[in-house]
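What follows is one structure encoded as structure tokens, with my remarks underneath.
There are 2 protein chains.
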Amino acid sequence: MTDPQDLWPDVRPDAAKRLMAAAVDAFADRGFHATTTRDIATAAGMSPAALYVHFPSKAAVLFAISRTGHERALAMVETAAAGPGDAAARMRVLVARFTTWHATRHRVARIVQYELHALRPADFDVVADLRRRTERAVRDLIAEGAAAGVFTAPDTPTAARAILSLCVDVARWYTPESKPDPGTLGERYAELVMAMLGAR
Amino acid sequence: MTDPQDLWPDVRPDAAKRLMAAAVDAFADRGFHATTTRDIATAAGMSPAALYVHFPSKAAVLFAISRTGHERALAMVETAAAGPGDAAARMRVLVARFTTWHATRHRVARIVQYELHALRPADFDVVADLRRRTERAVRDLIAEGAAAGVFTAPDTPTAARAILSLCVDVARWYTPESKPDPGTLGERYAELVMAMLGAR
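As you go down the protein sequences, you meet chains P and R in turn. Final position of the first sequence in the UniProt record's numbering is 200; the numbers increase by one with none missing. Final position of the second sequence in the UniProt record's numbering is 200; the numbers increase by one with none missing.
Printed below as a string of structure tokens:
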């Protein structure tokens, strides 16, 4: 089961958090289109009417899950990119944390990454902006490292896309039985990215 | 629209191919669970009864799509791994082709890669075996290159997983509007993988 306290420490009230967690499980099991607001409410131990107090529709629940997930991803990437050390040291932290997050939270990450097409147009625009900023932070860090002679990557946009892609795809294949553990996987992926960028 | 001639040149009769193509579009738009056999049959210009002549259920249609997709992926990887040149030359071809395939066929690749959980247990076993063989072919090629001093990758299973992951995730984010074109993306990803493996 998805743990709402862990995923959304800042979402209030608890009932909204419980509904979001129930929706993550329902969307993961059946997909967005086959899930009803009643399914979500029932799984959260509430009535459909109680759901509407917090969310006007199941699309609004999906948006809350997607937006908070993308905000978390952007904050993680920007914090790592602004950390101590040279561009290589910061990229190493960025990749390790982003990979570990997608392994540990693979269930919610799948909704965040794979249900974009189900977002309403205005909601999609908000999420697309968060995604562009996340990708820009990675590109800027590669460009900074290349300018400083720390990286020798041939093509910054493709390398940024590849790095994020590598981390995100962990959500697709990672299960609680997967090896290695999320922390070790993050370290190893950071090593691979260092090699990919030609870090000295 | 998904082009059945391009994807399944060997599937007979044409009606089965048309149904598989209609199912790819329906699953991509609504997800497996929210799609009915009637949706698939109607989109293929057939009656539900005509669908059952070819497939006993929508799960059987999904299995046909998933199995043929995984067989194609395995054949592509094994052919590249057995090609001419040293391990680096063959890995370069493998990554370029596998990436380009996922960019060009992103719609069917999404079904193949993301709907595994909807397969029936016996069908899943068939597909899981194809996936293991695909991953083993990539691991063997890395190990061969490492033994020959062509690669200096630190950890063969993680590198194999990362390489396949990078190629597969293209299906998630690639659209007909994406840059660069599928062939160029394949070449650039091959370069990144060469760096990742420390190819000389």
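We put the beta carbon where it would ideally sit given N, CA and C, even for glycine. This structure is a prediction, so every number in the text was calculated from the model and none was measured.
Taking the C-alpha atoms as reference points, what is the distance between residue i and residue j?
i: V95 (chain R); j: I163 (chain P); result: 16 Å
i: A82 (chain R); j: R12 (chain R); result: 29 Å
i: A16 (chain P); j: F55 (chain R); result: 42 Å
i: R105 (chain R); j: V53 (chain P); result: 42 Å
i: R188 (chain R); j: T158 (chain P); result: 7 Å
i: P180 (chain R); j: D169 (chain R); result: 15 Å
i: A190 (chain R); j: T79 (chain P); result: 30 Å
i: L192 (chain R); j: D140 (chain P); result: 18 Å
i: V112 (chain R); j: I142 (chain R); result: 25 Å
i: T37 (chain R); j: I65 (chain R); result: 15 Å
i: M194 (chain P); j: M46 (chain R); result: 53 Å
i: V61 (chain R); j: A23 (chain R); result: 7 Å
i: Y174 (chain P); j: D10 (chain R); result: 33 Å
i: L74 (chain P); j: S165 (chain P); result: 14 Å
i: L51 (chain R); j: A41 (chain R); result: 6 Å
i: K58 (chain R); j: D6 (chain R); result: 22 Å
i: A160 (chain P); j: A49 (chain P); result: 44 Å
i: D25 (chain P); j: R200 (chain P); result: 43 Å
i: R133 (chain P); j: M76 (chain P); result: 12 Å
i: D14 (chain P); j: F63 (chain P); result: 17 Å
i: G198 (chain P); j: C167 (chain R); result: 20 Å
i: T35 (chain P); j: W8 (chain R); result: 32 Å
i: R18 (chain R); j: D39 (chain R); result: 13 Å
i: T2 (chain R); j: A43 (chain R); result: 12 Å
i: M196 (chain P); j: P4 (chain P); result: 36 Å
i: L116 (chain R); j: L116 (chain P); result: 19 Å
i: R131 (chain R); j: W101 (chain R); result: 16 Å
Give me the residue from the options with the minimum Cα distance to residue i.
i: residue 233 (chain R); options: R:T100, R:E78, R:P84 and R:R107; result: Any property of residue 233 (chain R) remains undetermined from this structure, which presents chain R solely from 1 to 200.
i: R110 (chain R); options: R:R172, R:D155, R:R131 and R:L51; result: R:R172
i: V93 (chain R); options: R:V138, R:D3 and R:A64; result: R:V138
i: G183 (chain R); options: R:R132, R:T134, R:A199 and R:T99; result: R:T99
i: E177 (chain P); options: P:A103, P:F63 and P:T35; result: P:A103
i: residue 210 (chain P); options: P:E144, P:D14, P:F63 and P:R132; result: The shown model of chain P, from 1 to 200, leaves out residue 210 (chain P), and the question about it has no answer.
i: E135 (chain R); options: R:L197, R:T156 and R:L116; result: R:T156
i: R97 (chain R); options: R:F27, R:L116, R:R133 and R:G186; result: R:G186
i: F27 (chain P); options: P:W101, P:Y114 and P:W8; result: P:Y114
Is any beta-carbon of chain C found at less than 8 Å from that of residue i?
i: V77 (chain R); result: In the structure shown, chain C does not exist; the protein chains are P and R.
**Request:** Specify whether the stretch 136 to 149 of chain P and the stretch 115 to 123 of chain P touch according to this definition: at least 3 beta carbon pairs, one from each stretch, less than 8 Å apart.
**Result:** The stretch 136 to 149 of chain P makes no contact with the stretch 115 to 123 of chain P: fewer than 3 CB pairs, one atom from each, lie closer than 8 Å.
**Asked** Using 8 Å as the Cβ pair cut-off and three pairs as the minimum, do the stretch 29 to 40 of chain R and the stretch 73 to 93 of chain R touch?
**Response** Too few Cβ pairs lie closer than 8 Å, so no.
**Segment contact, 8 Å Cβ cut-off, at least three pairs: the stretch 57 to 77 of chain R with the stretch 122 to 141 of chain R** = At 8 Å Cβ cutoff, the stretches touch.
**Asked** the stretch 154 to 172 of chain R: which residues have C-beta closer than 8 Å to a C-beta of chain P, in chain order?
**Response** Hits within the stretch, in order: P154, D155, T158, A159, R161, A162, S165, L166, V168, D169, V170 and R172.
**Minimum length 4: unbroken alpha helix (DSSP H) runs contained in the stretch 67 to 125 of chain R** = With a minimum length of 4 residues, the unbroken runs of alpha helix (DSSP H) contained wholly in the stretch 67 to 125 of chain R fall at 87 to 104 and 106 to 114.
**Request:** Name, going along the chain, the residues of the stretch 24 to 45 of chain R whose beta-carbon falls closer than 7 Å to a beta-carbon of chain P.
**Result:** Flagged, chain order: R30, G31, F32, H33 and A34.
**Request:** Could you run through the stretch 187 to 200 of chain R and flag, in chain order, every residue whose CB is less than 9 Å away from some CB of chain P?
**Result:** Hits within the stretch, in order: R188, Y189, E191, L192, V193, A195, M196, L197 and G198.
**Message:** Beta carbons nearer than 7 Å to chain R: which residues of the stretch 174 to 185 of chain P have them?
**Reply:** Taken residue by residue, none of the stretch 174 to 185 of chain P has a beta-carbon sitting less than 7 Å from a beta-carbon on chain R.
**Asked** Given a limit of 9 Å on CB to CB distance, which residues of the stretch 3 to 17 of chain R reach chain P?
**Response** With the criterion set as a beta carbon lying under 9 Å from some beta carbon of chain P, the stretch 3 to 17 of chain R has no members that meet it.
**Request:** Taking only beta carbons into account, state which residues of the stretch 86 to 116 of chain P come closer than 8 Å to chain R, listed in chain order.
**Result:** Within the stretch 86 to 116 of chain P, the residues whose Cβ lies closer than 8 Å to some Cβ of chain R are Q113 and Y114, listed in chain order.
**Asked** In chain order, which continuous runs of the alpha helix (DSSP H) of length 4 or greater are located wholly inside the UniProt domain "HTH tetR-type" (13 to 73) of chain R?
**Response** Listed in chain order, the complete alpha helix (DSSP H) runs (minimum 4 residues) inside the UniProt domain "HTH tetR-type" (13 to 73) of chain R are 14 to 30, 37 to 43 and 48 to 54.
**Asked** What alpha helix (DSSP H) runs, 4 residues minimum, are completely inside the stretch 117 to 186 of chain R?
**Response** Counting only runs of 4 or more, we get 121 to 147, 156 to 168 and 170 to 173.
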